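**Q**
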Amino acid sequence: MPIGMTDIFQTEAKVVLKGLRLAWNKGFRQGELGSDNALLIEIL
């Protein structure tokens with residue numbers, strides 16, 4: 040992964056994690072996640 044892509048990937052991963060934590064803390068146990076980052080979705 041090129042250096043610039045690493046920064047973008049890490050940023051997107053942090054945002055997704057923050058959103059998932061927020062949903063969990065609000066009591067949601069099921070949901071749908073959408074992203075245009077196929078690698079991130081595959082890892083999750």
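Converting from the sequence shown to my numbering requires adding 39 to each position, the first position being numbered 1. Where is the CB? At the ideal position from N, CA and C, for every residue including glycine. Given the structure is predicted, the values throughout are model-derived calculations rather than measurements.
Since Leu72 and Leu61 should fall inside the 8 Å C-beta cutoff, what is the C-beta to C-beta distance between them, to a whole number of angstroms?
**A** Here residue 72 refers to the residue found at position 33 when the sequence shown is read from its first residue. Here residue 61 refers to the residue found at position 22 when the sequence shown is read from its first residue. So it is not a contact: roughly 12 Å between Cβ atoms.
**Q** Measure the alpha-carbon distance for Glu81 versus Gly66 and round it to whole angstroms.
**A** Within the sequence shown, numbered from 1, the residue matching residue 81 stands at position 42. Within the sequence shown, numbered from 1, the residue matching residue 66 stands at position 27. Approximately 25 Å between the Cα atoms of the pair.
**Q** Going by beta carbon distance, what residues of the same chain come within less than 8 Å of Thr45, once the five residues before and after it are set aside?
**A** Residue mapping note: residue 45 aligns to position 6 of the sequence shown, counting from 1. None.
**Q** Sort Leu78, Ser74 and Leu59 by Cα distance to Arg68 and report the nearest one.
**A** For the purposes of this step, residue 68 is taken as the residue at position 29 of the sequence shown. Answer by Cα proximity: Leu59.
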